[in-house]
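**Student:** My questions all concern the structure below.
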Amino acid sequence: MKPIPLPLSGSCRCGRVEVRLTKPPLATGACHCRGCQKMSSSAYSLTAIMPADGFAVTKGDPVIGGLHGPDVHHYFCGHCMTWMFTKPEGMDWFVNVRPTLFDDTSWFRPFMETYTSAKLPFAETGAVESFETFPEMDRYQGLVKAYAEWAS
Numbered sequence: 287m288k289p290i291p292l293p294l295s296g297s298c299r300c301g302r303v304e305v306r307l308t309k310p311p312l313a314t315g316a317c318h319c320r321g322c323q324k325m326s327s328s329a330y331s332l333t334a335i336m337p338a339d340g341f342a343v344t345k346g347d348p349v350i351g352g353l354h355g356p357d358v359h360h361y362f363c364g365h366c367m368t369w370m371f372t373k374p375e376g377m378d379w380f381v382n383v384r385p386t387l388f389d390d391t392s393w394f395r396p397f398m399e400t401y402t403s404a405k406l407p408f409a410e411t412g413a414v415e416s417f418e419t420f421p422e423m424d425r426y427q428g429l430v431k432a433y434a435e436w437a438s
């Protein structure tokens, strides 16, 4: 795998919202759930699970879109409506960032895939770990460690 070239900058499609990463991801993934399929208009969404203190919006003001409930907040560019990142409520230590926003995407490969129970028959990600739904919370520490070893 190619190392992530930090710092890493990116933007929405129109460029009105820009983001920057200064730390490597905790893990990477692809989600096959129906919500991600609908929001990405694709077979799955891609994500880089980033430490919150290594992620910043450097230009513009993203707006909440997608789900508007209390559990998760999906952030979009208010102009071009690019889905940029997600913040689960009560888990302020990480941000799920769409890796295709970045100017350099050569470092990205999904380590795990979630919601394979909704996976479209043709969809392949090359992920190392697969889960029918989301992994149990007690699995994440081991997954983060395994990702670090795999990505180095």
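Everything in the sequence shown is counted per this note's numbering, starting at 287 for the first residue and increasing by one.
C-beta atoms are modelled at their ideal positions from N, C-alpha and C, and glycine is treated no differently.
Here the structure is a predicted model, which is why all the values come from computation and not from measurement.
Can you tell me which of 303, 420, 425 puts its alpha carbon nearest to the alpha carbon of residue 365?
**Tutor:** Comparing Cα positions, the closest option is 303.
**Student:** Between the Cα of residue 363 and the Cα atoms of 351, 355, 433, 373, which residue gives the shortest distance?
**Tutor:** For the residues 351, 355, 433, 373, the minimum Cα distance to residue 363 belongs to 351.
**Student:** Identify every run of the beta strand (DSSP E) within the segment 300-356, keeping only runs that are complete inside it and at least 3 residues long; order them along the chain.
**Tutor:** Listed in chain order, they are 304-307, 313-317, 331-337, 341-345, 349-351.
**Student:** Would you say residue 354 and residue 372 are within 8 Å of each other, going by their C-beta atoms?
**Tutor:** Not closer than 8 Å, so no.
**Student:** According to the Cβ coordinates, are residue 313 and residue 401 closer than 8 Å?
**Tutor:** No, the Cβ-Cβ distance between residue 313 and residue 401 is not below 8 Å.
**Student:** Determine, using beta-carbon pairs with one atom in the segment 292-303 and one in the segment 318-327, whether at least three such pairs fall under 8 Å.
**Tutor:** Result no; under three Cβ-Cβ pairs closer than 8 Å.
**Student:** By Cβ distance below 7 Å, which residues in the same chain neighbour residue 382 in space, the five residues on each side in sequence not counted?
**Tutor:** Excluding sequence neighbours, residue 382 sits near 333, 335, 371, 372.
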